Amino acid sequence: MNLTITEHMGKAYSEWKLNQDKEPVSEIEKKYQELLETLSPEQEEVITEYCNAIFSSGADIEEFFYRL
0 MNLTITEHMG
10 KAYSEWKLNQ
20 DKEPVSEIEK
30 KYQELLETLS
40 PEQEEVITEY
50 CNAIFSSGAD
60 IEEFFYRL
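So the sequence shown is numbered by numbering that gives the first Met the number 0: it starts at 0 and just counts up by one.
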């Protein structure tokens, strides 16, 4: 039963991921890179660490619910 659920979730996620619009992410990435170019190295490091912390906390929550 668990294997069936896991396979279904994996397939559903793959289909969902393929249907995501990647253009907005590319535009956001471009603007983010432009912003970083205007910052000092110290400011860039702070912003990068902050973004990494946000992504890591979100990944931990997603992993928790996935495993649940």
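Even glycine gets a Cβ: it sits at the ideal position worked out from N, Cα and C. Source: prediction; values computed, not measured.
To the nearest angstrom, how far is the alpha carbon of residue i from that of residue j?
i: Asn-18; j: Ser-39; result: 37 Å
i: Phe-64; j: His-7; result: 15 Å
i: Glu-62; j: Glu-14; result: 19 Å
i: Lys-10; j: Asn-1; result: 14 Å
i: Ser-25; j: Gly-57; result: 20 Å
key: Ordered list of alpha helix (DSSP H) runs contained in the segment 12 to 67, each at least 4 residues   = 22 to 36 and 40 to 66
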